[in-house]
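Student:
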Amino acid sequence: MTTITRFSAILCGLAWAASAQADVSKQDEAFLQQAAAGGLYEVQAGHLAQQKGTSSAVQSFGSTLVKDHTAANAELKALASSKGVRLPTTLPNDKTQRLANVAQAKNFDQTFIDEVGLNDHAHDIGLFEKASRSADDAQVRAFAAKTLPALQAHRTHALGMKKNQGQ
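Numbering-wise (my numbering), the sequence shown opens with residue 1 and increments by one.
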């Protein structure tokens, strides 16, 4: 086999291997990246609640967020890697600012419940519901569907905490 033939065979093999990595649609890639940014945010928010929460309920909720979102983030990272999608490793500026606003709130617990527990989870639920129905890739749909109940449980838990605060 000549050098050129070997080189051509290697290039063909590399091209085949690259195409074997299941490419995802732009829509699915955007979902995976948004889910990763949201997951990073929730873990950092959970740590913040553990540190700054004044009630044991908020501190405990923070622990739950850290545990659940860390597990989901690991699964998401493996899925994205298998699809050749690069995920963010740092918070986007908007989420960094949201977290700073929560951290600086005068009534941390109430703000945390409202912003992280209710508003952010409502947004995430919408994102994951859409992906569970309409993602092009079956594994992306399955990940969204599998993760959705935990997001819903977090929001339901936050609603209960808000009710218990008499708000």
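Idealized CB from N, CA, C, for every residue including glycine.
Determine the direct distance from the alpha carbon of Glu75 to that of Asp188, and round the result to whole angstroms.
Tutor: The requested residue 188 does not occur in the structure, where the chain is confined to residues 1 to 167.
Student: Tell me the rounded alpha-carbon separation between Ser238 and Asn164.
Tutor: Residue numbering for the chain in the displayed model covers 1 to 167; residue 238 lies beyond these limits and cannot be assessed.
Student: Under three-state DSSP, which class holds Gln21?
Tutor: As a working mapping, residue 21 is identified with position 21 in the sequence shown. Bear in mind that the predicted position of Gln21 carries a pLDDT of just 49, short of 50, making it unreliable; the figure below should be weighed with that in mind. Residue state, collapsed to three classes: coil.
Student: Is Gly53 helix, strand or coil by DSSP?
Tutor: By 1-based counting over the sequence shown, the position of residue 53 is 53. Of the three classes helix, strand and coil, the one that applies to Gly53 here is coil, per DSSP.
Student: Rounded C-beta distance between Arg98 and Ala122? I'm assuming under 8 Å.
Tutor: In the sequence shown, counting from the first residue as 1, residue 98 sits at position 98. In the sequence shown, counting from the first residue as 1, residue 122 sits at position 122. Wrong, their Cβ atoms sit about 14 Å apart, outside the cutoff.
Student: Does Lys95 pass the burial test, meaning 16 or more other C-beta atoms within 10 Å, or should it be called exposed?
Tutor: One-based indexing of the sequence shown puts residue 95 at position 95. Counting Cβ neighbours within 10 Å, Lys95 comes out buried, since at least 16 surround it.
Student: Rounded to a whole number of angstroms, what is the C-alpha to C-alpha distance between Leu79 and Ala105?
Tutor: For the purposes of this step, residue 79 is taken as residue 79 along the sequence shown, with counting starting at 1. For the purposes of this step, residue 105 is taken as residue 105 along the sequence shown, with counting starting at 1. Going from the Cα of Leu79 to the Cα of Ala105 covers about 36 Å.
Student: Alpha carbons only, please: which of Ala36, Glu29, Lys26 and Gly160 is nearest the one belonging to Pro92?
Tutor: As a first step, residue 92 is located in the sequence shown; it is residue number 92 there, counting from the start. Of the listed residues, the one whose Cα sits closest to Pro92 is Ala36.
Student: Can you tell me whether Ala153 is buried or exposed, with buried defined as 16 or more other CB within 10 angstroms of its CB?
Tutor: The residue labelled residue 153 in the question sits at position 153 within the sequence shown. Ala153 should be labelled exposed.
Student: Check whether the Cβ atoms of Ala145 and Ser132 sit closer than 8 Å, and answer yes or no.
Tutor: Along the sequence shown, read from residue 1 onward, the residue named residue 145 stands at position 145. Along the sequence shown, read from residue 1 onward, the residue named residue 132 stands at position 132. Yes, the Cβ-Cβ distance between Ala145 and Ser132 is below 8 Å.
Student: In whole angstroms, what is the alpha-carbon distance linking Lys130 and Ala138?
Tutor: One-based indexing of the sequence shown puts residue 130 at position 130. One-based indexing of the sequence shown puts residue 138 at position 138. Roughly 13 Å between the two C-alpha positions.
Student: Buried or exposed, going by whether 16 or more other CB atoms sit within 10 Å of the CB of Gly84?
Tutor: For this step, residue 84 is matched to residue 84 along the sequence shown. Exposed, since its Cβ has fewer than 16 Cβ neighbours within 10 Å.
Student: Cβ-heavy atom distance between Gln139 and the ligand MG below 7 Å?
Tutor: Among the ligands in the structure shown, none appear at all, so the ligand MG cannot be discussed.
Student: Looking only at its own chain, which residues have a Cβ that is under 7 Å from the Cβ of Glu42, when we skip the five neighbours before and after it?
Tutor: The sequence position of residue 42 within the sequence shown is 42, counting from 1. Leu65 and His69.
Student: Which class does Lys106 belong to by DSSP, given the choice of helix, strand or coil?
Tutor: Taking the first residue of the sequence shown as position 1, residue 106 is located at position 106. Correct three-state label for Lys106: coil.
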